[in-house]
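**Student:** Before anything else, here's the structure in question.
Chains as they are written, first to last, in this note's numbering: chain S, 1 to 172; chain D, 1001 to 1238.
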């Protein structure tokens, strides 16, 4: 009886270790490619985010200490026409990041939002587009999307962080 | 011998179709069949995991004891699903985004655990691989047929390409959950008619087919458990 228990523990542990080693091997091969895909998606989302601002016009802020945790990248237009913020958030039951790029004009008004990734089981469609044209105060008043409350709240929280990041980047 | 192998391979396509006859994997079936591309992608991803997990479980069936078989299967299946996820994310990112959370949910797809319990842990590696291929093809074909009906008649498009002449006649309800259940029910009925309702055989879903049969004293003694009470067993009990 005791031997059976020990054997079971050993077999399960070995299984877990072998599977883990195999996955680590696959990860070594796929991780650089995944990172490259993510970067390309992020850069693609910047195109047309702020009117008349193209990818080459942006300067990336590399030092993000002091910025909200959800803010992943900040790009400033060299000609002062606006700021693009990338944020990623998770909702309470999410299986992955919800990642968005937000374009602000020089006054802090949202000019465009693009979805980079969304891993929830239930889509909230183009809910994020209802925030376009809004400033921070009015964005807080937009109601959550019925049936997708957790994702909506997570998105609104991320967007609020993006407004904070805009304030920080704009003051520099 | 050869015909037996062929039977294992073709069983999953119609006679023991995992979705329409065994009624397994209903959640992803309803969720991803709003589009043909996502349906085929999900079917192929599941096929890959099913074949690999069936082969691994068949190869390790003598090492895995009854007591730890479920956690051992889950570890193996989760490993294969994670590998498929990583490969798709790296090399087919559009498909990865399209399948979203349902890709990870293949781990708990009843077809995979069901075939591990019903077939792979009792058969050879080759037979289990054939069973996985057959069941995977059956699953993929079912998803394709459902997605075809839902996308073409519900959205007037085929694989995302608009079909203008169907636009005035489209039934948008087919792309929503009630429409999915409706199409699912119709297909189950059709398969029932084609197979004359012969499948699945009672044996497959009686005590012998129960996932706990190996460790159940009632199954070993031939006495049906409460969940499978029949008139015969009641007579015998009297």
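Note that beta-carbon positions come from the ideal geometry of N, C-alpha and C, so glycine has one too.
Within 10 Å of its beta-carbon, does residue 77 of chain S have 16 or more other beta-carbons around it, so buried, or fewer, so exposed?
**Tutor:** It counts as buried.
**Student:** Any idea what DSSP makes of residue 1011 of chain D, helix, strand or coil?
**Tutor:** The answer is helix: DSSP assigns residue 1011 of chain D an H, G or I state.
**Student:** Residue 1100 of chain D: which of S/119, S/114, S/146 sits nearest, CA to CA?
**Tutor:** Per the Cα distances, S/119.
**Student:** Please list, in chain order, the chain D residues whose beta carbon lies closer than 8 Å to that of residue 33 of chain S.
**Tutor:** Correct list: 1090, 1091.
**Student:** Quick one, are the C-beta atoms of residue 1046 of chain D and residue 1111 of chain D less than 8 Å apart?
**Tutor:** Contact flag set, yes.
**Student:** Short of 9 Å Cβ to Cβ, which residues in the segment 1064–1076 of chain D face chain S?
**Tutor:** Flagged, chain order: 1064, 1065, 1067, 1068, 1071, 1072, 1075, 1076.
**Student:** Evaluate residue 113 of chain S with the Cβ neighbour count: other Cβ atoms within 10 Å of its Cβ, from every protein chain shown; 16 or more gives buried, anything less gives exposed.
**Tutor:** It is buried - the Cβ of residue 113 of chain S has at least 16 other Cβ atoms within 10 Å.
**Student:** Measuring CB atoms only, is the segment 1122–1139 of chain D touching the segment 1013–1025 of chain D, in the sense that at least three cross pairs come out at less than 8 Å?
**Tutor:** Counting Cβ pairs under 8 Å, three or more are found: they touch.
**Student:** Flag this pair as touching only if the segment 144–163 of chain S and the segment 52–72 of chain S have three or more C-beta atom pairs under 8 Å; answer yes or no.
**Tutor:** Taking 8 Å as the limit for Cβ pairs, the verdict is that the segment 52–72 of chain S does touch the segment 144–163 of chain S.
**Student:** Counting only Cβ-Cβ distances shorter than 9 Å, please list the residues of the segment 15–28 of chain S near chain D, keeping chain order.
**Tutor:** The segment 15–28 of chain S vs chain D, Cβ under 9 Å: 15, 16, 18, 19, 20, 22, 23, 26, 27.
**Student:** Would you mind telling me which residues of chain S sit closer than 8 Å to residue 1083 of chain D, beta carbon to beta carbon, in chain order?
**Tutor:** Per Cβ cutoff of 8 Å: 22, 23, 26.
**Student:** Below 8 Å between beta carbons: does that hold for residue 48 of chain S and residue 82 of chain S?
**Tutor:** Taking 8 Å as the Cβ cut-off, residue 48 of chain S and residue 82 of chain S do not qualify as a contacting pair.
**Student:** Bridge partners of residue 115 of chain S, per DSSP?
**Tutor:** In the DSSP output, where bridge partners are listed per residue, residue 115 of chain S has S/100.
**Student:** What's the call for residue 1165 of chain D, buried or exposed, on a 16-neighbour Cβ count within 10 Å?
**Tutor:** So residue 1165 of chain D ends up on the exposed side.
**Student:** Pairs of beta-carbons, one from the segment 1053–1065 of chain D and one from the segment 1123–1131 of chain D, closer than 8 Å: are there three or more?
**Tutor:** Because the criterion of three Cβ pairs below 8 Å is met, the segment 1053–1065 of chain D and the segment 1123–1131 of chain D touch.
**Student:** If you draw a straight line from the C-alpha of residue 144 of chain S to the C-alpha of residue 80 of chain S, how long is it?
**Tutor:** Cα to Cα, residue 144 of chain S sits roughly 32 Å from residue 80 of chain S.
**Student:** Classify residue 1005 of chain D as buried or exposed, calling it buried when 16 or more other Cβ atoms lie within 10 Å of its own Cβ.
**Tutor:** Burial call: exposed.
**Student:** Cβ of residue 108 of chain S less than 8 Å from any chain D Cβ?
**Tutor:** So no, residue 108 of chain S is outside the interface.
**Student:** Can you confirm whether the segment 1079–1086 of chain D touches the segment 1100–1109 of chain D when touching is taken to mean that 3 or more C-beta pairs between the two stretches lie within less than 8 Å?
**Tutor:** With the cut-off at 8 Å, the segment 1100–1109 of chain D and the segment 1079–1086 of chain D touch.
**Student:** Pull up the distance between the alpha-carbon of residue 1115 of chain D and that of residue 106 of chain S, whole angstroms please.
**Tutor:** Going from the Cα of residue 1115 of chain D to the Cα of residue 106 of chain S covers about 59 Å.
**Student:** Flag this pair as yes or no: are the beta carbons of residue 42 of chain S and residue 116 of chain S separated by less than 8 Å?
**Tutor:** Contact flag set, yes.
**Student:** Of all the options D/1072, D/1003, D/1147, which has the alpha carbon lying nearest to the alpha carbon of residue 1181 of chain D?
**Tutor:** Minimum Cα distance to residue 1181 of chain D is reached at D/1147.
**Student:** Below 6 Å CB to CB, which residues in the same chain sit around residue 1173 of chain D once its five sequence neighbours on both sides are set aside?
**Tutor:** The residues are 1179.
**Student:** For residue 75 of chain S, name the three-state secondary structure that DSSP assigns.
**Tutor:** Three-state DSSP puts residue 75 of chain S in a strand.
**Student:** If the cut is a Cβ gap below 8 Å, which residues of chain S does residue 1044 of chain D touch?
**Tutor:** What residue 1044 of chain D touches in chain S: nothing, since even the nearest Cβ is about 18 Å away.
**Student:** When Cβ atoms are compared, which residues of the segment 1006–1033 of chain D fall closer than 9 Å to chain S?
**Tutor:** The residues in question are 1031.
**Student:** Kindly indicate which residue of D/1122, D/1075, D/1135 has the alpha-carbon position closest to the one of residue 1007 of chain D.
**Tutor:** Taking only the C-alpha atoms, the option nearest residue 1007 of chain D is D/1135.
**Student:** Going along the chain, which residues of its own chain have a beta-carbon closer than 7 Å to the beta-carbon of residue 124 of chain S, five neighbours each way excluded?
**Tutor:** The answer, listed in chain order, is 145, 148, 151, 152.
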